[in-house]
Amino acid sequence: MVGVSPNPARPSNFVATYLVSSSADYEVYFVNPTADEILGRPCVPSLADLPVVPDLVDVFRRLDDVPGVAEESVAVGAKAFWTQFGLWSPEAARIALDGGMDLVMDRCLKVEHARFAGGLHLAGFDTGVIDSRRKG
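Structure, rendered in structure tokens:
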């Protein structure tokens, strides 16, 4: 997670808490140059400082920063690039797709994980944006 905040009132911290507690099937790493530790886990200043190549980069940054995060994601060999609600960047999309990455934009990883795991109603909120029901 790039841009995760140590502040528990921030959406990125809420999503991080959910992802860390939801499964042992994946590892969650935190990238924030202003924090040493978040949720008891080490935090690194950049994607290049991670101990592994990430399968997925989940971005919580200002829209202006997203293309740079896409470039860094391609440079480290990440497989997928994901931006949260409200983050849609054609430039970042081009960078990620040209770099061979899978791409998801303007979606919350927590909401999607909870929806597919069958726990959206238990996981904290229902945005009304994402619905698995067919429109009639």
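In the numbering used here, the protein residues as written are 5 to 140. C-beta: ideal position from N, C-alpha, C; glycine also.
Cβ-based burial, residue i [other Cβ within 10 Å; buried from 16]
i	result
Ser93	buried
Val73	buried
Val61	buried
Leu126	Only weak support is given to the placement of Leu126: the predicted model assigns it a pLDDT of 49, under 50, and the value that follows is read from those uncertain coordinates. Label assigned to Leu126: exposed.
Cβ pair residue i, residue j closer than 9 Å
i	j	result
Phe85	Met5	no
Tyr33	Pro55	yes
Gly7	Val35	yes
Arg111	Thr87	yes
Ala100	Leu107	yes
Ser26	Ala97	no
Asp59	Tyr22	no
Pairwise C-alpha distance: residue j and residue i
i	j	result
Ala39	Asp102	31 Å
Arg116	Met105	For the record, residue 116 in the displayed sequence is Glu; it is not Arg. Going by the C-alpha atoms only, they are around 19 Å apart.
Asn17	Glu75	24 Å
Phe89	Arg14	14 Å
Glu41	Ala20	12 Å
Pro37	Met109	23 Å
Ala28	Lys114	15 Å
Below-9 Å beta-carbon distance, residue i vs any chain B residue
i	result
Arg119	As a matter of chain content, chain B is missing from the structure shown, which is built from one protein chain.
How about the segment 33-51 and the segment 71-87: do they share at least three Cβ pairs that are nearer than 8 Å? yes
Would you call the segment 40-47 and the segment 66-76 in contact, with 3 or more CB pairs under 8 Å? no
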